[in-house]
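A.B. asks: Can you keep this structure in mind? I'll have questions shortly.
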Amino acid sequence: MEQTLTHHLLKQLHESDFTILFAAGQNLQQPCIFVPINVDIEDFREIVALPEYQGDAFLIIEEALQLNKQKLTKHSVITE
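Each residue of the sequence shown is one higher than the last, beginning at 1 in the working numbering.
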């Protein structure tokens, strides 16, 4: 199910142990459709620094909680 990204949804995902929202191949797209994943953040940062991942978009959930509502609600998340 696709849901609009909100602070409330981010908190729910974080409480469910998800760490990152990932959108393969959507780096230049607005809005993005993210999928929540649970990976080590530092390991993930190293991986997405590689050239083959430059086309992907991602948000670290803890950092996304600091974004304003307007920036969040243009994106969506695929949940169960």
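Even for Gly, the Cβ is constructed at its ideal location relative to N, Cα and C. Note that the structure is a prediction, hence the values are computed from the model and not measured.
How long is the line joining the alpha carbons of Gln70 and Arg45, rounded to whole angstroms?
C.D. replies: Locating residue 70 in the sequence shown gives position 70, where the first residue counts as 1. Locating residue 45 in the sequence shown gives position 45, where the first residue counts as 1. If I take the Cα positions, the gap works out to 25 Å.
A.B. asks: Starting from the N-terminal side, write out each stretch of the beta strand (DSSP E) that is 3 residues or longer and does not extend beyond the segment 36-75.
C.D. replies: Listed in chain order, they are 57-60.
A.B. asks: Grouping DSSP H, G and I as helix and E and B as strand, with all else coil, what is Leu21?
C.D. replies: Residue 21 sits at position 21 when you count from the first residue of the sequence shown. It is a strand residue.
A.B. asks: May I ask which residues mark the beginning and end of the beta strand (DSSP E) holding Glu2?
C.D. replies: Indexing the sequence shown from 1 puts residue 2 at position 2. Counting along the chain, the beta strand (DSSP E) containing Glu2 begins and ends at 2-4.
A.B. asks: Would you check if the distance between the CB atom of Pro36 and the CB atom of Val77 is smaller than 8 Å?
C.D. replies: Here the question's residue 36 lines up with position 36 in the sequence shown. Here the question's residue 77 lines up with position 77 in the sequence shown. Cβ distance < 8 Å, so Pro36 and Val77 count as in contact.
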